[in-house]
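Student: Structure provided below as structure tokens; questions to follow.
In the numbering used here, the protein residues as written are 127 to 200.
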């Protein structure tokens, strides 16, 4: 995925997470006093996942490099 696409996916995930937290708060599944902790843990988890995705992209390098030993099959 290009970096711009990963950023767009991250924004979409954050919006969905915010909507879910909002619904849980409005329906009083999560009390108002605990909303900060829930939001911190949720967005922290999302940030860790996307940081791992960026790190993985940096470590794996290019995947479209052809091997020079590959020969066409007759």
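Where is the CB? At the ideal position from N, CA and C, for every residue including glycine. From a predicted model like this one, the values you see are computed outputs, not experimental measurements.
What are the boundary residues of the alpha helix (DSSP H) that includes residue 177?
Tutor: Its alpha helix (DSSP H) spans residues 161-186.
Student: Could you check what DSSP says for residue 129 in three-state terms: helix, strand or coil?
Tutor: helix
Student: Taking Cβ positions, are residue 175 and residue 140 nearer each other than 9 angstroms?
Tutor: no
Student: Comparing C-alpha positions only, which one of 160, 198, 170 sits nearest to residue 143?
Tutor: 170
Student: Roughly how far, in whole angstroms, is the beta-carbon of residue 156 from the beta-carbon of residue 164, given that I think they are within contact range, below 8 angstroms?
Tutor: 5 angstroms
Student: So, at 6 angstroms on beta carbons, what are the nonlocal neighbours of residue 133 in its own chain, with the 5 sequence-adjacent residues on each side left out?
Tutor: none
Student: Cβ atoms of residue 168 and residue 137: under 9 angstroms apart, would you say?
Tutor: In this structure, residue 168 does not lie closer than 9 angstroms to residue 137 by Cβ.
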